[in-house]
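Right, one structure below, let's go through it.
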Amino acid sequence: MDDELQAMENNKTRSIVPLPEGKHVIECKWVYKIKHNPDGTIERHKARLVAKGFTQIEGIDYTDTFSPVAKLTSFKVLLTLVASRGWHLMQLDVNNTFLNGTLDEEAYMQIPLGLFTSEQGTNLACKLHKSIYGLKQASRQWFSAFSQVLLQYGFVQSHSDHSMFTKGEGADLVVLLVYVDDIVLDQSDDNLSQVKSFLSNNFKLKDLGPLRYFLGFEIAINDTGISLCQRHYALKLLEDTSTLAKKPVNTPMVSPHKLSTDEGDLLEDLGLYRRLIGCLLYLTHTRPDIVYVVHILSLFVSSPRQPHLLDVQHLLTYIKKAPGLWLFFPVSNNL
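Residue numbers (our numbering): 873 to 1207.
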């Protein structure tokens, strides 16, 4: 808690002021979280002060809230580029990300538990100068601040993916991909230190080194190319669905087999089927062998029946046979 409050103090996120008459006060709370390493071990315990965004009033405490994130298609294109050119793929993390976005609105928040102030008076509040976690516009304000810094340095924002930025061309090309507070950097050795130094001068960064884990994807890089898999994600899905104890099967779908919209009983829990399809759709990013089956099963999300759920369970037992299949991006000079 002390580290979080100190970070807000250093960043001039808020100031303690008497609450102006008639002003709305946003509520807040502390959230405690355990951060894990890619292998599942505990990295550290942390406390985060968050605003209760649901207590904000539209038009007073916030207006626009949309913020882009990197497309997974762009991420795969980036991997292909790195593999073909033999460049390094680095990962950076911005500390206290959302505290960097300046607020456009005049917003006041209640004084959080643990914050002691020498200010006198009973009707005091935190006037927010910058966004904090939990505010509806926090992600938007952070991305706006970060993109402005990149553009000033000479980066160009992609029209097809606003979270992708490029600088230079040919051997001097630098590609930067942003997903909230995770930054993936692709470049040659000569440009690496320059860009990292520039970003460090504007934000408090943590250099995570070569990219190993990103959005549930495990990445392995060697001289032959780049391998991508979702083994940890798949195992968690199998654990959550009690599939680990079942016998694996050799095919993703029972054949010959034709699904119908009116055979079998309607499922009582429609949300269960829809959640499973959503999880499987994300897994298709590294599993082309299940793309067709997931596509067919997703046709029935509006009114899933018992046979459809049985086929989903069959697919899960197929995934259990090899949960860590890799998608390989080979080294090539043809790009």
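Don't be surprised by glycine CBs; every beta carbon is placed ideally from N, CA and C.
Legend entry - C-beta atoms of C1151 and L1109 nearer than 8 Å: Walking along the sequence shown from the start, residue 1151 turns up at place 279. Walking along the sequence shown from the start, residue 1109 turns up at place 237. For C1151 and L1109, yes; Cβs fall inside 8 Å.
Legend entry - Boundaries of the alpha helix (DSSP H) in which S1011 is found, first to last residue: Here the question's residue 1011 lines up with position 139 in the sequence shown. Start and end: 1010-1025.
Inset, instruction - Measure the CB-CB distance between A879 and V1203 and report whether it falls below 8 Å. - result: Here residue 879 refers to the residue found at position 7 of the sequence shown. Here residue 1203 refers to the residue found at position 331 of the sequence shown. Not a contact, by the Cβ cut-off of 8 Å.
Legend entry - Helix, strand or coil at Q1029 [DSSP, three-state]: Taking the sequence shown and counting its residues from 1, the one referred to as residue 1029 is at position 157. DSSP places Q1029 in strand when its eight states are reduced to three.
Legend entry - Integer Cβ distance of L950 from L1049, believed to fall under 8 Å: Here residue 950 refers to the residue found at position 78 of the sequence shown. Here residue 1049 refers to the residue found at position 177 of the sequence shown. The Cβ separation is near 6 Å, so the contact holds.
Inset, instruction - Use the C-beta contact count for G902: other C-beta atoms within 10 angstroms, 16 or more gives buried, fewer gives exposed. - result: Counted from its first residue, the sequence shown places residue 902 at position 30. Sequence check: residue 902 is Trp here, not Gly. The residue is exposed, with fewer than 16 neighbouring Cβ atoms inside 10 Å.
Inset, instruction - Would you mind sorting F1027 into buried or exposed? The rule is 16 or more other CB atoms within 10 Å of its CB. - result: Residue 1027 sits at position 155 when you count from the first residue of the sequence shown. It counts as buried.
Legend entry - Runs of alpha helix (DSSP H) lying entirely within the region 1126-1177, each at least 4 residues, in chain order: 1142-1155, 1163-1170
Inset, instruction - Report buried or exposed for N995, applying the criterion of at least 16 other Cβ atoms within 10 angstroms of its Cβ. - result: Here residue 995 is taken as the residue at index 123 of the sequence shown, counted from 1. Classification for N995: exposed.
Inset, instruction - Output the boundary residues of the alpha helix (DSSP H) element that contains N1094. - result: Residue mapping note: residue 1094 aligns to position 222 of the sequence shown, counting from 1. That residue, N1094, is in no alpha helix (DSSP H); its beta strand (DSSP E) goes 1089-1094.
Inset, instruction - Counting only the same chain and skipping the five closest in sequence on each side, list residues whose C-beta sits under 7 Å from that of T874. - result: Reading the sequence shown from its first residue, position 2 is the one you call residue 874. Looking at the sequence shown, residue 874 is not Thr but Asp. The answer is none, since no qualifying residue turns up.
Legend entry - Residue range of the alpha helix (DSSP H) that includes D875: Residue 875 sits at position 3 when you count from the first residue of the sequence shown. It spans 874-882 - the alpha helix (DSSP H) in which D875 sits, taken as one unbroken run.
Inset, instruction - Please classify G907: does DSSP put it in a helix, a strand, or coil? - result: As a working note, residue 907 is residue 35 in the sequence shown. According to the sequence shown, residue 907 is Lys rather than Gly. Reduced to three states, the DSSP call for K907 is strand.
Legend entry - Exposure of A1117, with buried meaning 16 or more beta-carbon neighbours within 10 Å: In the sequence shown, counting from the first residue as 1, residue 1117 sits at position 245. Exposed, since its Cβ has fewer than 16 Cβ neighbours within 10 Å.
Legend entry - DSSP beta-bridge partners of W902: Position 30 of the sequence shown, counting from 1, holds the residue named residue 902. For W902, which the question treats as bridged, DSSP gives the partners L921.
Inset, instruction - Can you give me the start and stop residues for the alpha helix (DSSP H) that S946 sits inside? - result: Within the sequence shown, residue 946 is the residue found at index 74, counting from 1. Residues 944-957.
Inset, instruction - Mark A1209 as exposed unless 16 or more other C-beta atoms lie within 10 angstroms of its C-beta, in which case mark it buried. - result: Any question about residue 1209 goes unanswered here, given that the chain covers just 873 to 1207.
Legend entry - Closest by C-alpha distance to L832, when choosing among S1099, Q1178, S1114: With the chain covering only 873 through 1207, there is no way to say anything about residue 832.
Inset, instruction - Report buried or exposed for P890, applying the criterion of at least 16 other Cβ atoms within 10 angstroms of its Cβ. - result: Here residue 890 refers to the residue found at position 18 when the sequence shown is read from its first residue. Under this definition P890 is an exposed residue.
Inset, instruction - Determine which residues share a DSSP beta bridge with P940 and list them. - result: For this step, residue 940 is matched to residue 68 along the sequence shown. Answer is none; P940 lacks a bridge partner.
Inset, instruction - Starting from the Cα of H1157, find the closest Cα among N1094, H1031, F1086 and give me that residue. - result: Here residue 1157 corresponds to residue number 285 of the sequence shown, with the count starting at 1. Cα-wise, what sits closest to H1157 is F1086.
Legend entry - Where Q1066 falls: helix, strand or coil (DSSP): Taking the sequence shown and counting its residues from 1, one reaches residue 1066 at position 194. In the structure shown, Q1066 sits in a helix (DSSP, three-state: H, G or I).
Inset, instruction - Would you identify the three-state DSSP class for H1001, choosing helix, strand or coil? - result: For the purposes of this step, residue 1001 is identified with residue 129 of the sequence shown, where counting begins at 1. Correct three-state label for H1001: strand.
Legend entry - Rounded separation between L1155 and D936 - CA only: Here the question's residue 1155 lines up with position 283 in the sequence shown. Here the question's residue 936 lines up with position 64 in the sequence shown. Their Cα atoms are separated by approximately 32 Å.
Legend entry - Local conformation of P1082 per DSSP, three classes: Taking the first residue of the sequence shown as position 1, residue 1082 is located at position 210. Three-state DSSP puts P1082 in a strand.
Legend entry - Touching by the beta-carbon criterion (3+ pairs, under 8 Å), the region 1001-1014 and the region 975-986: yes
Inset, instruction - Classify I1098 as helix, strand or coil using the three-state DSSP reduction. - result: The sequence position of residue 1098 within the sequence shown is 226, counting from 1. It is a strand residue.
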